[in-house]
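**Student:**
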Amino acid sequence: MHHIVHQKHFKTTQLNSDDIFAVKALYPESISGPGILDKLQNSGASSQSYMPRLPLPKECHNQIDAGVVIDGYHYLISGTFLWKTKPNNPSNFREGFSIAPDYPKRVTNVFKRAYGNIDAMFKVSSGKLYVLHDNNKISSYQYNSDYGVFVMGKIWEREEFFGEDILPIKSAFDYNDKVFLITKDLMSYYEVVIKRGDNVKKIVKHSSFNDLIGRDVIGRQEFNAVIRIGQ
Numbered sequence: 221m222h223h224i225v226h227q228k229h230f231k232t233t234q235l236n237s238d239d240i241f242a243v244k245a246l247y248p249e250s251i252s253g254p255g256i257l258d259k260l261q262n263s264g265a266s267s268q269s270y271m272p273r274l275p276l277p278k279e280c281h282n283q284i285d286a287g288v289v290i291d292g293y294h295y296l297i298s299g300t301f302l303w304k305t306k307p308n309n310p311s312n313f314r315e316g317f318s319i320a321p322d323y324p325k326r327v328t329n330v331f332k333r334a335y336g337n338i339d340a341m342f343k344v345s346s347g348k349l350y351v352l353h354d355n356n357k358i359s360s361y362q363y364n365s366d367y368g369v370f371v372m373g374k375i376w377e378r379e380e381f382f383g384e385d386i387l388p389i390k391s392a393f394d395y396n397d398k399v400f401l402i403t404k405d406l407m408s409y410y411e412v413v414i415k416r417g418d419n420v421k422k423i424v425k426h427s428s429f430n431d432l433i434g435r436d437v438i439g440r441q442e443f444n445a446v447i448r449i450g451q
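Residue numbering for the sequence shown is 221 to 451, as defined by the working numbering.
(1) Nearest-angstrom Cα distance between W376 and S359?
(2) Please determine if the region 376-391 and the region 331-341 are in contact, where contact requires at least 3 C-beta pairs separated by less than 8 Å.
(3) Terminal residues of the continuous alpha helix (DSSP H) containing D431?
(4) Could you give the residue range of the alpha helix (DSSP H) that holds V330?
(5) With a cut-off of 8 Å, do at least 3 Cβ pairs link the region 347-362 to the region 326-334?
(6) Alpha carbon to alpha carbon, how far is I290 from S427?
(7) Return the chain-ordered list of same chain residues with a C-beta closer than 6 Å to the C-beta of V437, the five sequence neighbours on each side being excluded.
(8) Quick one: residues in its chain with C-beta nearer than 6 Å to the C-beta of L349, no 5 flanking neighbours on either side, listed in chain order?
(9) Residues in its own chain within less than 8 Å of Y409 by CB, not counting five upstream and five downstream?
(10) Quick one: Cα of G264 to Cα of L296, how far?
(11) Using the Cα positions of Y458 and R435, report the straight-line distance between them to the nearest angstrom.
(12) Could you tell me the alpha carbon to alpha carbon distance between V412 and S311, rounded to whole angstroms?
(13) Tell me the DSSP bridge mates of F313?
(14) Inspect the beta-carbon positions of N355 and G336 and report whether they are closer than 9 Å.
(15) Pull the bridge partners of P307 from the DSSP assignment, please.
(16) N510: which of L302, G292, S298 sits nearest, CA to CA?
(17) What's the call for S345, buried or exposed, on a 16-neighbour Cβ count within 10 Å?
(18) State the Cα-Cα distance for the pair G287 and A320, rounded to the nearest angstrom.
(19) In the DSSP assignment, find the unbroken beta strand (DSSP E) run with F370 in it and report its ends.
(20) Roughly how many whole angstroms lie between the Cα atoms of F443 and M372?
(21) Looking only at its own chain, which residues have a Cβ that is under 6 Å from the Cβ of L352, when we skip the five neighbours before and after it?
(22) Label Q268 either buried or exposed according to how many other C-beta atoms from any shown protein chain fall within 10 Å of its C-beta, with 16 as the threshold for buried.
(23) Kindly indicate which three-state DSSP category E411 falls into: helix, strand or coil?
(24) For F301 and H294, I'd like the C-alpha separation in whole angstroms.
Given below as structure tokens:
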């Protein structure tokens with residue numbers, strides 16, 4: 221007896237934009253041939269009819285890589301996926317969170333061109349959101365509450381944006397009109413003041429966490445992701 225298994229295949233022209241970016245990085249034109257990979261990009265690249273072979277995860281992976289609160293929702297990134305959640309009781313997080321409909325989503329479906337690993341996210345007083353990604357990139361976004369989407373602004377090399385070559389960043393958060401960037405080695409952090417117009421007014425490096433949390437860092441899992449709650 222023969223069993224025939226019918227699989228639903230998808231066309232290569234239905235690949236997501238971050239998949240196309242990865243393929244082009246792995247197979248440049250010197251290998252694939254001039255213009256060959258451009259055929260991957262057409263109107264179907266962002267089609268909602270795309271069905272992945274593997275189902276989207278229902279729960280976050282083994283860790284949260286970055287997070288930020290926008291318009292009352294907690295956006296949590298784990299790997300290449302993004303969860304939009306809201307506390308069931310804002311005054312008592314122990315009552316759990318609810319996941320917004322149609323989530324999780326791929327990070328790049330929400331934050332366009334935020335390729336690579338997401339290191340951290342933070343927002344400033346103007347409401348603008350910044351995403352640190354791909355080892356040395358930083359992209360800006362403005363949340364449009366009318367449509368519930370993040371509109372992409374600019375993308376910079378981190379040295380260009382901050383005005384100096386900063387150490388790799390593990391997490392970030394904003395507090396009292398300042399942004400705090402935690403280094404991956406957990407040996408220091410940066411205190412940054414960002415004004416309107418993506419203007420970094422001041423950046424100060426600190427070598428002790430006592431002024432920030434009142435003690436030294438204990439374990440490697442600390443500051444994996446930081447979210448400011450309330451004022």
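Ideal placement from N, C-alpha and C gives every residue a C-beta, glycine not left out. Predicted model only: the values in this text are computed from it and were never measured.
**Tutor:** This is what the structure gives:
(1) Straight-line Cα distance between these residues: approximately 6 Å.
(2) The region 376-391 makes contact with the region 331-341: 3 or more CB pairs, one atom from each, lie closer than 8 Å.
(3) Residues 430-433.
(4) V330 -> alpha helix (DSSP H) spans 327-330.
(5) Yes: at least three Cβ pairs fall under 8 Å.
(6) Note on geometry: alpha-carbon atoms of I290 and S427 lie some 30 Å from one another.
(7) Here the set comprises L406, F429.
(8) Same-chain partners within the cutoff: K343, Y361.
(9) Result list for Y409: F400, L401, I402, T403, K425, H426, F429, L432, in chain order.
(10) Confidence at G264 is low in this model, with a pLDDT of 46, below 50, so the placement of that residue should be treated as unreliable; the coordinate-derived value is given next. The C-alpha of L296 is placed about 28 Å away from the C-alpha of G264.
(11) As shown, the chain starts at 221 and ends at 451. That puts residue 458 outside it, with no answer to give.
(12) Each residue's alpha carbon lies about 29 Å from the other.
(13) For F313, which the question treats as bridged, DSSP gives no partner whatsoever.
(14) With a cutoff of 9 Å on beta-carbon distance, N355 and G336 are scored as near each other.
(15) Answer is F317, bridged to P307.
(16) Shown here, the chain extends from 221 to 451; a query on residue 510 therefore has no answer.
(17) The residue in question, S345, is exposed, as its Cβ has fewer than 16 Cβ neighbours within 10 Å.
(18) Straight-line Cα distance between these residues: approximately 15 Å.
(19) Note, F370: beta strand (DSSP E), 369-377.
(20) Rounded to the nearest whole angstrom, the CA to CA distance from F443 to M372 is 26 Å.
(21) Only D339, A340, I358, I389 meet the Cβ criterion.
(22) Its pLDDT being 49, under 50, Q268 is placed unreliably in this model, and the coordinates cannot settle the point.
(23) Looking at E411 - three-state DSSP - the assignment turns out to be strand.
(24) Between F301 and H294, the C-alpha separation is close to 14 Å.
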